[in-house]
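In the numbering used here, the protein residues as written are 569 to 883. Each residue gets a CB set at the ideal place from its N, CA and C atoms; glycine is no exception.
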């Protein structure tokens, strides 16, 4: 079958003045960047588009939530903790911006090791084939002991570790997010999947204790989520699977028990956007009157920028 070139002479066009555009120099362009700008100046100078627009709207939502007395929850994967952002997060906690923290098991382990020795994140490739990955005695023994003691007192995973760090006066406790939250008296919950954390490899591990501690934290976390409606903010930072799933289940339970959780803000910060955070944090929970945002970038850059923007705007 052969084809002749199509004749385009009959194609219709329209005046560009009648077209709707997504970008407008009057409203959307960046402003000039100059030396000596404040963080607020820099954020205001960013284009009113895409990631910059999302970041500014998230900051606005956080500031509005705290002015209204609504929760601001920060859920984080292990990478956020092991790249040294505790001082940034601590500043937000001490300014009463973050009202609750949720971690996966890896996040709590990195935070504990920082409190204990001021260092964390072993070179897995070097020690894996020798059978030594995750086998540091103090990490497994002390965390598992703290959980046993805490569960006996009815405490959850996060509070058990935070209290232990404070009570034992670990050398670098001032750098610990667990200790900061325990000292401040705000919820810090830890949500584990048995078998995913190095502490589960140790002979001191007790599955019943691990389950009880994490289940208590799930109940506490659900209580926090139940209060997000009408202005709260939920930030998922660097957890691609576990915490988005935990959030979705907690939200379902809260709704089931009669808490109308709507008209709140969610956001997912990560180096790349994954299915579960996009679906279970940004899209499904915000299908009513809520708003969901995504910000893509390295945590060690984006989280200080987020925190500085919030604190600058509050001040």
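| Taking the alpha carbon of residue 602 as the point to measure from, which residue in 595, 596, 612, 593 has its own alpha carbon closest? | Of 595, 596, 612, 593, the residue nearest in Cα terms is 612.
| task | Label residue 849 either buried or exposed according to how many other C-beta atoms from any shown protein chain fall within 10 Å of its C-beta, with 16 as the threshold for buried. | result | buried
| request: Measure the beta-carbon distance from residue 759 to residue 811 and round it to whole angstroms, keeping in mind my assumption that it falls under 8 angstroms. | output: 6 angstroms
| In whole angstroms, what separates the C-alpha of residue 750 from that of residue 727? | 6 angstroms
| task | Helix, strand or coil for residue 628, going by three-state DSSP, please let me know. | result | helix
| query | Could you give the residue range of the beta strand (DSSP E) that holds residue 582? | reply | Taken as a continuous stretch (DSSP letters only), residue 582 belongs to no beta strand (DSSP E), as it is neither H nor E.
| Just how far apart, CA to CA, sit residue 574 and residue 591? | 33 angstroms
| Would you call the region 811-823 and the region 836-855 touching, i.e. three or more CB-CB distances under 8 angstroms? | Yes, they touch.
| query | How about residue 867 and residue 648: are their beta carbons less than 7 angstroms apart? | reply | Cβ distance < 7 angstroms, so residue 867 and residue 648 count as in contact.
| query | Exposed or buried, which one is residue 582 when buried takes at least 16 other CB atoms within 10 Å? | reply | exposed
| said: Can you look up residue 802 in the DSSP assignment and give me helix, strand or coil? | reply: strand
| field | Closest Cα partner of residue 827 within the set 587, 704, 818 | value | A check of alpha carbon separations from residue 827 across 587, 704, 818 identifies 818 as the nearest.
| query | Would you report the Cα separation of residue 607 and residue 615, rounded to the nearest angstrom? | reply | 15 angstroms
| query | Do residue 804 and residue 663 have their C-beta atoms closer together than 7 angstroms? | reply | Contact: no.
| task | In the DSSP assignment, find the beta strand (DSSP E) that holds residue 644 and state where it starts and stops. | result | 640-644
| said: Please confirm whether residue 660 has its beta-carbon closer than 7 angstroms to some beta-carbon of chain D. | reply: Judged by its chain identifiers, the structure shown contains no chain D, having just a single protein chain.
| message | With a threshold of 6 angstroms on Cβ separation, who are the neighbours of residue 837 within its own chain once the five nearest residues in sequence on each side are excluded? | response | 805, 863, 870
| DSSP state of residue 576 mapped onto helix, strand, coil | If DSSP states are grouped into helix, strand and coil, residue 576 belongs with coil.
| query | With a cut-off of 8 angstroms, do at least 3 Cβ pairs link the region 615-634 to the region 706-721? | reply | no
| said: Which same chain residues end up closer than 8 angstroms to residue 744 when comparing Cβ atoms and leaving out the 5 residues on each side of it in sequence? | reply: 654, 679, 680, 682, 683, 730, 733, 738
| query | Quick one: Cα of residue 891 to Cα of residue 874, how far? | reply | In the structure as shown, the chain starts at 569 and stops at 883, and residue 891 therefore has no counterpart that could be examined.
| query | How is the beta strand (DSSP E) around residue 849 delimited, first residue to last? | reply | Taken as a continuous stretch (DSSP letters only), residue 849 belongs to no beta strand (DSSP E), as it is neither H nor E.
| request: Indicate the three-state DSSP secondary structure (helix, strand or coil) for residue 834 in the structure shown. | output: In the structure shown, the three-state DSSP call for residue 834 is strand.
| Below 7 angstroms between beta carbons: does that hold for residue 724 and residue 784? | yes
| field | Beta bridge counterpart(s) of residue 860 as assigned by DSSP | value | 834
| When burial is assigned at 16 or more other CB atoms within 10 Å of the CB, is residue 584 buried or exposed? | exposed
| request: Count the other CB atoms, across all protein chains shown, that sit within 10 Å of the CB of residue 815; report buried if there are 16 or more and exposed otherwise. | output: Buried, by the Cβ-count rule.
| request: May I ask you to list the residues that DSSP assigns as paired with residue 697? | output: Answer is none; residue 697 lacks a bridge partner.
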